[in-house]
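Undergrad:
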Amino acid sequence: MNPPKDVITSLTHDSLFSDWKKQHENTFMTHFFCSLSPDFVPKTTWEIGFYNKDSKKIVVFVELEKGFEIKPEDDVFSKETDTIEELSMDTVKLHFSDAVSLAKKKIPETFPHEQLGDGFVVLQKLEGKDVWNFTFVTKSVKFANIRLDAVSGDLVSSQIVELVQKD
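Quick note on our numbering: the sequence shown kicks off at 6 and runs consecutively.
1) Taking Leu99 as the reference, give the member of Leu121, Lys134 and Glu91 with the closest Cα.
2) Taking the straight line between their C-alpha atoms, what separation do you get for Thr143 and Lys27?
3) How about Leu153 and Leu107: are their beta carbons less than 7 Å apart?
4) Going by DSSP in three states, Phe101 sits in which element: helix, strand or coil?
5) Would Phe139 and Val126 qualify as a contact pair, given that the criterion is a beta-carbon distance under 7 Å?
6) Tell me which residues share the same chain as Ala149 and place their Cβ nearer than 6 Å to its Cβ, disregarding the 5 neighbours each side in the sequence.
7) Can you tell me where the beta strand (DSSP E) holding Lys62 begins and where it ends?
8) Specify, as a first and last residue, the run of the beta strand (DSSP E) that Thr88 falls within.
9) Using DSSP with H/G/I as helix, E/B as strand and the rest coil, what is Ala108?
10) CB Pro8 to CB Phe66, shorter than 7 Å?
11) In whole angstroms, what is the alpha-carbon distance linking Ile162 and Lys110?
12) Have a look at the DSSP bridge pairing and note the partners of Pro47.
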């Protein structure tokens, strides 16, 4: 899997992106997304999201073997009170492979009784901080989530969310 910095460089040199950007100047990069297997192996290539300030929607570019494809604009996956923040690869210091190594260590420490199922990782800026945001569905039908600082690698937050409400 190509590192996000290489992917964004390739994307910005791709004619599909260049043509799109000329028509959508009021946009900025918000995230990288990838599906993961329970053992943290990428199941998909990177998807790169761009927020359109005019339409208040997200456009996603998907990395292909050669080039990229663009998905139709879609609603933003956030609360109305959330601020959509710009992600700059210049400030991300922790490489994906290092983030995976840290997450492999921290998730069992943080959630010792949970067995992981499939999940995903998002590289994004939240509350002014670049984070690698790992989320997995557990075998006990919960979401296990940790956020790692994308500069220092420190654990920013962790949570477990029940998917099934118990009466």
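C-beta: ideal position from N, C-alpha, C; glycine also. Because the structure is a prediction, the values reported are computed rather than measured.
TA: With the given structure in hand:
1) Lys134
2) One C-alpha to the other measures close to 43 Å.
3) yes
4) In the three-state reduction of the DSSP assignment, Phe101 falls in the helix class, which pools H, G and I.
5) Cβ distance < 7 Å, so Phe139 and Val126 count as in contact.
6) Phe116, Glu119, Phe141, Thr143 and Ile165
7) Its beta strand (DSSP E) spans residues Lys62 to Glu68.
8) Thr88 -> no beta strand (DSSP E), and no H or E assigned at all.
9) helix
10) No, the pair does not count as a contact, with Cβ atoms beyond the cut-off.
11) The sequence given here has Ser at residue 162, not Ile. A direct Cα-to-Cα measurement between Ser162 and Lys110 gives close to 15 Å.
12) Leu41
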